[in-house]
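For reference, the structure discussed in these notes is given below.
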Amino acid sequence: ISNDPQEKTNMAHQYPDIVADLEREILKIKDSRPQQQKFWMTIDRDKHWKSTLEKGSCNSRIVREKDCLFAHPWIDDEVDLNTIELVHGGAIWPFIRNILAHFGPYMVGVAGIIFALFFMPK
């Protein structure tokens, strides 16, 4: 560590036995975890994100009608969760990526307005 304090050098190829031991330990920990409860899980956003969008009511001078959509990924109380494909709720990156892809241009404008309102000299 004293020769590489920021740990930028990958030394895995020099110590394959240690890497294999660590990988086995990781698998053992993953396998021994309890199953995640269904109520902490979510839809697979990469596969089903568009199906959660519902038409909204937007000012057409600001938002095009085709972009006036709102996420509504809620599941009715009566639905059997065993019939829905769910993924770990911590898998947030696909959700963020889809939000940015869909609403990115608007978010830049909103960020600019917020900056102007709060940070520009009066």
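For the working numbering, add 79 to where a residue sits in the sequence shown, where the first one is 1.
Note that the Cβ used here is the ideal one computed from N, Cα and C, for glycine as well.
Every value quoted in this text rests on a predicted model; they were computed, and no experiment measured them.
If you draw a straight line from the alpha carbon of N177 to that of I193, how long is it in whole angstroms? One Cα belongs to N177, the other to I193, and the distance between them is close to 23 Å.
Going by DSSP, what residue range makes up the beta strand (DSSP E) through L132? L132 -> beta strand (DSSP E) spans 132–134.
Determine the DSSP secondary structure at V158, reduced to helix, strand or coil. Secondary structure at V158: coil, using DSSP grouped into helix, strand and coil.
According to DSSP, what are the bridge partners of I122? According to DSSP, I122 bridges with L165.
Chain-order list of residues whose beta-carbon lies under 6 Å from that of E133 (same chain, five-residue window excluded): Excluding residues within five positions, the ones whose Cβ falls inside 6 Å are F149, H151.
Comparing alpha-carbon positions, which option in R143, M90, I163, H167 lies nearest P184? That would be R143, whose Cα lies nearest to the Cα of P184.
Between the segment 106–114 and the segment 154–167, can you find at least three pairs of beta-carbon atoms closer than 8 Å? Cβ pair count under 8 Å is below three, so no.
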